[in-house]
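J.: Protein sequence lines, in the order shown, are assigned to chains A and B. Reading the first sequence from the start, the letters are residues 53 to 307 in the numbering used here. Reading the second sequence from the start, the letters are residues 53 to 307 in the numbering used here. The structure is given below, and queries will be raised subsequently.
There are 2 protein chains.
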Amino acid sequence: MEQLSSVNNKLIKDLAKLKQKKYREDTGLYLIEGFHLIEEAFKANLNFVDLLGTEQALNQVAEDYQVDLDGKNIYLINSAIAHHLSSTKNSQNIFMVLKIAQPKQYPFNFGKWVLLDNVSDPGNAGTIIRTADAAGFDGVVLSPNSVDIYNPKTQRAMQGSQFHINIINADLVEVINALNDNAIPVYSSMLDKTAKQLQEFAKVAQLGLVIGNEAHGVSDEIAAICDEKLYIPIKGQAESLNAAVAAGIIIYHFA
Amino acid sequence: MEQLSSVNNKLIKDLAKLKQKKYREDTGLYLIEGFHLIEEAFKANLNFVDLLGTEQALNQVAEDYQVDLDGKNIYLINSAIAHHLSSTKNSQNIFMVLKIAQPKQYPFNFGKWVLLDNVSDPGNAGTIIRTADAAGFDGVVLSPNSVDIYNPKTQRAMQGSQFHINIINADLVEVINALNDNAIPVYSSMLDKTAKQLQEFAKVAQLGLVIGNEAHGVSDEIAAICDEKLYIPIKGQAESLNAAVAAGIIIYHFA
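Structural data, given as structure tokens:
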């Protein structure tokens, strides 16, 4: 274990930059924080690149997960450094650096998938991934213009679901074609009422479910190649549902 | 229309204090901001106490809602004042002060109700109220220890649903007893798996649906007097669902 005492330390400066997508892409690394996420990483048997924490926080992790604090790439930091690295107001003073390790390709020949088409809010994307995990889906595909899942807000909203299910960045047209080739139906969730009501849809064993942008919905190009279009009926006077809530209702309908 | 040019103006200082619950209770007033919420207030035919905006914002409201800008209690403000009053990073430069006008009592002899038992996150409470509105529920009851709906974050998450459905602060034991007296079943949503799975529940015409605290669920006292306990099965490895998503899935099951 090495002790770091300044926010100007080279490693700390580099790690703080991982809050930005550019630096995550340059280095292939990302930063997670807080006991729950780090617990999930240990449960998933991931090898960390670096582990950093205040004395109390490191001791807790060492006890809970049999980490040898004399090992390499473990850093004792002070609360000023923790505050500097954290993306939350109240840091839990424990951080882990991990390698970005998403599969580049996937056959899409089986299972239940959520496809995110230009979902732009980091919290929404993370919450939808968490819901897909809870509902027992196999994975989530993000279109190239969707939010980056290594964004700290997305990480926080996922609550560790990135360690449980497949998360893949891919062109949605290619994914939908692959699902279709394997006779897996693909439904597009729509904002407009010309689509079919959700409750008319029977449960299916395998499925692609497209969730669109918060404001604009699924793009015309994608909606056009889906087998069915569905929507959640609004029965009261609200204009719409919160995007993550709407996705949750649809995902659980098919759980 | 009167022009105000300083954040130290007495009225502006008073209105900025309305972000705090204490001052809302002292004055019986609350502040809303942004075009969507103010549009909803006009649609609901509410009389505003004050209307404040920059020239451009006031002109837009005047055009859309036939507001006479020469009328009383309309104030032209600059963007420094707008920034001071706003609870968001990017203010839309339009504000309205309204009277708090919740019914003190309600007979609870009819309809579908969501009962919030110690829901503490302002965004969650607002999102749940918005979902209840979208699902055609008659109203939402908040226990005394739940969040204050006039909190700016709750207002934002509700998206105007407070103008569409009944929102009542009341003791939940009394409300549940009243619902029971009227033969309306009351279900409690639980975090534990000893309860009955959601999909086993048939749709019902009238209902009380208790949603509990984000971390601790429904209190024992309340759960004990409910007719049934229900939970959403977690099929994957996620430990739980986001609280507002979970409430949304349950509410729409009974929509």
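Glycine included, every Cβ here is placed at the ideal spot set by N, Cα and C. Please read these numbers as outputs of a predicted model, since none were measured by experiment.
What residues in its chain sit with their C-beta under 6 Å from that of residue 161 of chain A, if we drop five residues either side in the sequence?
T.: Numbered from its first residue, the first sequence carries residue 161 of chain A at position 109. 234, listed in sequence order.
J.: Can you pull the chain B neighbours of residue 220 of chain A, defined as C-beta to C-beta under 9 Å?
T.: Taking the first sequence and counting its residues from 1, the one referred to as residue 220 of chain A is at position 168. The contacting residues do not exist; residue 220 of chain A stays about 16 Å from chain B at best.
J.: Nearest to residue 128 of chain A by CA position, among A/88, A/108, A/207, is which residue?
T.: Translated into the one-based positions of the first sequence, residue 128 of chain A becomes position 76. The option with the nearest alpha carbon to residue 128 of chain A is A/108.
J.: Buried or exposed, going by whether 16 or more other CB atoms sit within 10 Å of the CB of residue 225 of chain A?
T.: Taking the first sequence and counting its residues from 1, the one referred to as residue 225 of chain A is at position 173. So residue 225 of chain A ends up on the exposed side.
J.: Secondary structure at residue 294 of chain A, three-state DSSP: helix, strand or coil?
T.: Translated into positions along the first sequence, residue 294 of chain A becomes position 242. Coil.
J.: Would a check of beta-carbon distances place residue 268 of chain A closer than 8 Å to chain B?
T.: Locating residue 268 of chain A in the first sequence gives position 216, where the first residue counts as 1. No, residue 268 of chain A does not count as interfacial toward chain B.
J.: Going along the chain, which residues of the region 178-189 of chain B sit with their C-beta nearer than 8 Å to a C-beta in chain A?
T.: Cβ contacts with chain A: 179, 182, 183, 184, 185, 186, 187, 188, 189.
J.: To the nearest angstrom, how far is it from the Cα of residue 96 of chain B to the Cα of residue 299 of chain A?
T.: Position 44 of the second sequence, counted from the first residue, corresponds to residue 96 of chain B. Position 247 of the first sequence, counted from the first residue, corresponds to residue 299 of chain A. Their Cα atoms are separated by approximately 29 Å.
J.: In the DSSP output, which residue or residues are listed as bridge partners for residue 54 of chain B?
T.: Taking the first residue of the second sequence as position 1, residue 54 of chain B is located at position 2. Its beta-bridge partners are B/127.
J.: Closest Cβ-Cβ distance between residue 176 of chain B and chain A: below 8 Å?
T.: Indexing the second sequence from 1 puts residue 176 of chain B at position 124. Closer than 8 Å: no.
J.: Please report whether the beta-carbon of residue 213 of chain A lies at a distance below 8 Å from any beta-carbon of chain B.
T.: Counting from 1 along the first sequence, the entry for residue 213 of chain A is found at position 161. It does; some Cβ of chain B falls within 8 Å.
J.: For the beta strand (DSSP E) that residue 227 of chain B lies in, which residues bound it at each end?
T.: The residue labelled residue 227 of chain B in the question sits at position 175 within the second sequence. No beta strand (DSSP E) contains residue 227 of chain B, which is instead part of the alpha helix (DSSP H) from 224-233.
J.: Determine the direct distance from the alpha carbon of residue 285 of chain B to that of residue 121 of chain B, and round the result to whole angstroms.
T.: Within the second sequence, the letter at position 69 stands for residue 121 of chain B. Within the second sequence, the letter at position 233 stands for residue 285 of chain B. Going by the C-alpha atoms only, they are around 55 Å apart.
J.: Check whether the region 63-75 of chain B touches the region 211-228 of chain B, taking contact to mean three or more Cβ pairs, one atom from each stretch, closer than 8 Å.
T.: Too few Cβ pairs lie closer than 8 Å, so no.
J.: Taking just the CA atoms, how far does residue 114 of chain A sit from residue 181 of chain B?
T.: As a working mapping, residue 181 of chain B is identified with position 129 in the second sequence. As a working mapping, residue 114 of chain A is identified with position 62 in the first sequence. Each residue's alpha carbon lies about 43 Å from the other.
J.: Counting only Cβ pairs nearer than 8 Å, list the residues of chain B close to residue 287 of chain A.
T.: Sequence index remark: in the first sequence, residue 287 of chain A carries index 235 (1-based). Correct list: 186, 187, 188, 307.
J.: Can you tell me which of the three DSSP states residue 180 of chain B falls into?
T.: If you number the second sequence from 1, residue 180 of chain B lands on position 128. Note: residue 180 of chain B maps to helix in three-state DSSP.
J.: What does residue 126 of chain B touch in chain E if you count any residue whose Cβ is under 8 Å from its own?
T.: Among the chains of the structure shown, chain E does not appear; the protein chains present are A and B.
J.: Could you tell me the distance, in whole angstroms, from the CA atom of residue 283 of chain B to the CA atom of residue 210 of chain B?
T.: The residue given as residue 283 of chain B occupies position 231 in the second sequence. The residue given as residue 210 of chain B occupies position 158 in the second sequence. About 25 Å.
J.: Between residue 98 of chain A and residue 82 of chain A, which are expected to be in contact by the criterion C-beta below 8 Å, what is the C-beta distance as a whole number of angstroms?
T.: Sequence index remark: in the first sequence, residue 98 of chain A carries index 46 (1-based). Sequence index remark: in the first sequence, residue 82 of chain A carries index 30 (1-based). Actually they do not touch by this definition, with Cβ atoms about 12 Å apart.
J.: What does the Cβ neighbour count give for residue 166 of chain A, buried or exposed, with the cut at 16 atoms within 10 Å?
T.: One-based indexing of the first sequence puts residue 166 of chain A at position 114. Buried, because 16 or more other Cβ atoms sit within 10 Å of the Cβ of residue 166 of chain A.
J.: Less than 8 Å between CB atoms is the rule here; does residue 135 of chain A satisfy it with respect to chain B?
T.: Walking along the first sequence from the start, residue 135 of chain A turns up at place 83. No, residue 135 of chain A lies away from the interface with chain B (no Cβ there is under 8 Å from its Cβ).
J.: Look at the alpha carbon of residue 201 of chain B and the alpha carbon of residue 158 of chain A, and state the distance between them as a whole number of angstroms.
T.: The residue you call residue 201 of chain B lines up with position 149 of the second sequence. The residue you call residue 158 of chain A lines up with position 106 of the first sequence. Rounded to the nearest angstrom, the two C-alpha atoms are 46 Å apart.
J.: Quick check on the burial criterion: 16 or more other C-beta atoms within 10 angstroms. Buried or exposed for residue 301 of chain B?
T.: What you label residue 301 of chain B is simply residue 249 of the second sequence in a count that begins at 1. It counts as buried.
J.: Mapping DSSP to helix, strand and coil, what is residue 240 of chain B?
T.: As a first step, residue 240 of chain B must be located in the second sequence, where it is residue number 188. Residue state, collapsed to three classes: strand.
J.: What three-state label does DSSP hand residue 283 of chain A in the structure shown?
T.: Position 231 of the first sequence, counted from the start, is the residue given in the question as residue 283 of chain A. Here residue 283 of chain A sits in strand by DSSP.
J.: Which value, in whole angstroms, describes the spacing of the CA atoms of residue 271 of chain B and residue 197 of chain B?
T.: Residue numbering aside, residue 271 of chain B sits at position 219 when the second sequence is read from its first letter. Residue numbering aside, residue 197 of chain B sits at position 145 when the second sequence is read from its first letter. So the alpha carbons of these two residues sit roughly 12 Å apart.
J.: To the nearest whole angstrom, what separates the beta carbons of residue 100 of chain A and residue 150 of chain A, a pair I think is in contact under 8 Å?
T.: Here the question's residue 100 of chain A lines up with position 48 in the first sequence. Here the question's residue 150 of chain A lines up with position 98 in the first sequence. Sure, about 6 Å apart at Cβ, within 8 Å.
J.: Can you tell which of B/297, B/204, B/163, B/208 has its C-alpha closest to the C-alpha of residue 192 of chain B?
T.: Within the second sequence, residue 192 of chain B is the residue found at index 140, counting from 1. Among B/297, B/204, B/163, B/208, the Cα nearest to that of residue 192 of chain B is on B/163.
J.: Please report how far the alpha carbon of residue 213 of chain B lies from the alpha carbon of residue 289 of chain A, in whole angstroms.
T.: Your numbering for residue 213 of chain B matches position 161 in the second sequence. Your numbering for residue 289 of chain A matches position 237 in the first sequence. Distance between the alpha carbons of residue 213 of chain B and residue 289 of chain A: 8 Å.
J.: Please report the straight-line C-alpha distance between residue 293 of chain A and residue 199 of chain B, rounded to a whole angstrom.
T.: Counting from one through the first sequence, the residue named residue 293 of chain A turns up at place 241. Counting from one through the second sequence, the residue named residue 199 of chain B turns up at place 147. So the alpha carbons of these two residues sit roughly 21 Å apart.
J.: Quick check: is any heavy atom of the ligand NAP less than 7 Å from the C-beta of residue 118 of chain B?
T.: For the structure depicted, the ligand NAP is absent and the ligand set is empty, with no information on it obtainable.
J.: Can you tell me where the beta strand (DSSP E) holding residue 166 of chain A begins and where it ends?
T.: Counted from its first residue, the first sequence places residue 166 of chain A at position 114. Per DSSP, residue 166 of chain A belongs to the beta strand (DSSP E) from 164-168.
J.: Closer than 7 Å by C-beta to residue 176 of chain B: which residues in its own chain qualify, once you throw out the five before and the five after it? Chain order, please.
T.: For the purposes of this step, residue 176 of chain B is identified with residue 124 of the second sequence, where counting begins at 1. Taken in chain order, the residues that qualify are 266, 295, 296.
J.: Using DSSP with H/G/I as helix, E/B as strand and the rest coil, what is residue 149 of chain B?
T.: Along the second sequence, one-based indexing puts residue 149 of chain B at 97. Residue 149 of chain B falls in the strand class under three-state DSSP.
J.: With a threshold of 8 Å on Cβ separation, who are the neighbours of residue 131 of chain B within its own chain once the five nearest residues in sequence on each side are excluded?
T.: By one-based count along the second sequence, residue 131 of chain B stands at place 79. Correct list, in chain order: 106, 143, 145.
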